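**Student:** In this text, residue positions in the sequence shown follow the numbering used here: the first is 2, and each later residue adds one.
The beta carbon of each residue, even a glycine, is placed where N, CA and C say it ideally should be.
Since the model is a prediction, treat every value here as computed from it, not as a measurement.
Structure incoming, see below.
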Amino acid sequence: MEKIAITSDFNIELDKFLKSNTFSQIAVLCDENTYQHCYPLVQLPNHTVIKINAGEEFKNIETCAIVWEALTNANFDRKGLLINLGGGVIGDLGGFCARTYKRGISFINIPTTLLAQVDASIGGKLGIDFNGLKNHIGLFSIPELVIVDQIFLKSLSVEELKSGFAEVIKHHIIADKKAWKKLIETSYEKTDWSKVVNHSIEIKRKIVDSDPTEKGARKLLNFGHTVGHAVETFLLNTTNKLLHGEAVALGMICESYIASNRGMISQNELDEIIIYINSLYPKHRIKEEYKQEIIRYTLQDKKNQGNKILAVLPESIGNAKWDCEISNEDILDSIDFYNQT
């Protein structure tokens, strides 16, 4: 089982971990933002700091080379430790670099965004984007420890918090109908972040423990991501790029619509999902000329088998089904529907 420490003082947990293990060297991986806002809070003995550019567009092999070179220049051996201090990009890329440097060194995650705390830093999915395809190169490998501290959420903008909150919504739709009712009846401004983070971590940890390498039930965590990832990837190099959570929110509406068309969820449930998501996220209308490119990206989705596009569709709020085959027409129809909501 993955070791996750939920704490109000991450430095205490970090100190306990370091005292119970022996590492020859320690490095902290940051981006420009976490170096400024989060790294000053870190209390560590002698260590190396590796700083990379912030943003999904830098989650690539070129940035990996920067990290590997920094570890090499610091004479890191296989007993070294890499501490990933940041959001999903830092955790994904940092873990990938750690597990490939000299065939593998230890790493821990200290997630600093809501998205990373409730989703990206948990479960051992590591990887980078390649040739414009999101998370195309990677592996499964659990970190030695994940330390979750809400103190870092104070540094986030409203947009970044809401981006992470999309994954919270996802967890409710796929796994907890009772909590969903409470979620949609509670004003977002009154969100209890402690309860939200703990709830999502428990849902994700339970699913990951049952299926660590995504052969079955773990695929449920990809709800909203088949359409969402394709839209996010296509828009990444445009002036209209989306935050990950904004893309997932869009994807959840599209995939819920497809489920509704198949009689898997009721019209009332679809309406609840649409109304709640649209109350929180800005509308990003998908232009007609974008659609075929978005279809092209869905064909590269990692859940696919052969030439079949496979998605996660809700069967009802609180339950979902993985490996549902969807067509290009389904996707195009769902995008048209989203544009009209």
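(1) Buried or exposed, going by whether 16 or more other CB atoms sit within 10 Å of the CB of LEU127?
(2) So, with DSSP's three-state summary, where would you put ILE276?
(3) Contact check, GLU58 vs LEU237 under 8 Å by CB: the rounded distance?
(4) On the DSSP bridge assignment, give the partners of ASN85 in chain order.
(5) Give me the Cα-Cα distance between LYS288 and ILE7, rounded to the nearest whole angstrom.
(6) Do three or more CB pairs link the stretch 314-321 to the stretch 252-260 at distances below 8 Å?
(7) If LEU82 and ILE106 are in contact, beta carbons under 8 Å, what's the gap, nearest whole angstrom?
(8) Output the distance between the C-alpha atoms of SER195 and SER158, rounded to the nearest integer angstrom.
(9) For GLY319, which residues in the same chain have their Cβ closer than 7 Å to its Cβ, ignoring the five residues on either side in sequence?
(10) Mind reading off the beta-carbon distance from THR35 to ILE91? Whole number of angstroms is fine, and I expect it under 8 Å.
(11) Going straight from the alpha carbon of LYS183 to that of ASN136, what length do you get?
(12) Considering only DSSP beta bridges, list what ASP130 is partnered with.
(13) Ordered along the chain, which non-local residues of its own chain (more than five positions away) have a Cβ less than 6 Å from that of TYR277?
**Tutor:** Based on what the coordinates show:
(1) Residue mapping note: residue 127 aligns to position 126 of the sequence shown, counting from 1. So LEU127 counts as buried.
(2) By one-based count along the sequence shown, residue 276 stands at place 275. Correct three-state label for ILE276: helix.
(3) Reading the sequence shown from its first residue, position 57 is the one you call residue 58. Reading the sequence shown from its first residue, position 236 is the one you call residue 237. Contact between GLU58 and LEU237 holds, with the beta-carbon distance rounding to 6 Å and staying under 8 Å.
(4) Translated into positions along the sequence shown, residue 85 becomes position 84. Residue pairing by DSSP places ASN85 opposite LEU30 and ASN110 in a beta bridge.
(5) As a position in the sequence shown, residue 288 is number 287, starting the count at 1. As a position in the sequence shown, residue 7 is number 6, starting the count at 1. Their backbone Cα atoms lie some 42 Å apart in a straight line.
(6) Cβ pair count under 8 Å is three or more, so yes.
(7) Within the sequence shown, the letter at position 81 stands for residue 82. Within the sequence shown, the letter at position 105 stands for residue 106. Between ILE106 and LEU82 the Cβ distance is about 7 Å, and since that is below 8 Å, they are a contact.
(8) Residue mapping note: residue 195 aligns to position 194 of the sequence shown, counting from 1. Residue mapping note: residue 158 aligns to position 157 of the sequence shown, counting from 1. If I take the Cα positions, the gap works out to 18 Å.
(9) To locate residue 319, count along the sequence shown from 1; it is residue 318. Once the five neighbours on either side are set aside, the close Cβ partners of GLY319 are ALA176, ASP177, LYS178 and TRP181.
(10) Residue 35 sits at position 34 when you count from the first residue of the sequence shown. Residue 91 sits at position 90 when you count from the first residue of the sequence shown. Their Cβ separation, rounded to whole angstroms, is 7 Å, which keeps THR35 and ILE91 in contact under 8 Å.
(11) Counted from its first residue, the sequence shown places residue 183 at position 182. Counted from its first residue, the sequence shown places residue 136 at position 135. Approximately 33 Å between the Cα atoms of the pair.
(12) Here residue 130 refers to the residue found at position 129 when the sequence shown is read from its first residue. Paired residues: none, contrary to the question.
(13) The sequence position of residue 277 within the sequence shown is 276, counting from 1. Counting only Cβ-Cβ distances below 6 Å, and skipping sequence neighbours, we find ILE185.
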